[in-house]
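Encoded as structure tokens, the structure appears first; notes follow it.
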Amino acid sequence: MKKKILLINGPNLQLLGVREPGIYGVKTLPQIVEDLRSYASELGCELEDFQSNSEGALVDKIGSSLAAGVDGIIINPAAYTHTSVALRDALAAVALPAVEVHLSNILEREDFRHKSFTAAKCLGVISGFGALSYRLALTALADHLRSAEK
Ligand code: DQA
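Throughout, our numbering is defined as the position within the sequence shown, counted from one, plus 916.
Listed below in structure tokens is the structure:
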């Protein structure tokens, strides 16, 4: 059975490509999603993607993931990484394997970006490799799902 991966992107990531390209790169979100979708199909996975600037919509999406048959989550919570108890609780509630992604290396940036509320409810964090962070996250998640099957 194909594994269903939910890709979630948080606030301001719809502006990738124009948003601070020196930090976040020049690829747009649709380009990143397209690349990831074809990589997912190489790995025998199906990718659904969701982006929102609203914390509540992101919480709702995570909350509905079990009923939607999602097997694993890749999430870039963007600024909510550093603020959101609600997103952390949503990840804990569904308890699906999840990987947190950041384009930039949050640990080399401002102090307020060093704290992640969501990371502890994920298998791990990939941060600092630009668009490649998403592919690395999918590699890790697909590998985890395969070994969980055995
Ligand atoms: C980000 C890092 C966050 O600190 C920031 O608020 C973002 C993007 C990243 O992908 O590097 O919006 O999650």
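Cβ coordinates follow ideal geometry from the N, Cα and C atoms, glycine included.
Is Gly997 close to the ligand DQA? I mean its beta-carbon at under 7 Å from any heavy atom of the ligand. Position 81 of the sequence shown holds residue 997. One detail in the question is off: residue 997 reads as Thr in this sequence, not Gly. Under cutoff, so the answer is yes.
Excluding the 5 residues preceding and the 5 following Gly920 in the sequence, name in chain order all residues of the same chain whose CB lies nearer than 6 Å to its CB. Taking the sequence shown and counting its residues from 1, one reaches residue 920 at position 4. Note that residue 920 is Lys in the sequence shown here, rather than Gly. For Lys920, where only same-chain residues beyond five positions count, the Cβ hits under 6 Å are Glu962, Gly985, Val986 and Asp987.
Measuring CB atoms only, is the segment 1036-1046 touching the segment 951-967, in the sense that at least three cross pairs come out at less than 8 Å? no
Check this for me: beta carbons of Val1015 and Ile990, under 8 Å apart or not? Position 99 of the sequence shown, counting from 1, holds the residue named residue 1015. Position 74 of the sequence shown, counting from 1, holds the residue named residue 990. Yes, these two residues count as a Cβ contact at 8 Å.
Sorted by chain position, which residues of the same chain lie with C-beta nearer than 6 Å to Leu982's C-beta, five sequence neighbours on each side aside? Counting from 1 along the sequence shown, the entry for residue 982 is found at position 66. Within the same chain, Leu982 has close Cβ partners Val1010.
On the DSSP bridge list, what partners appear for Cys961? In the sequence shown, counting from the first residue as 1, residue 961 sits at position 45. Residue pairing from DSSP places Cys961 in a beta bridge opposite Lys919.
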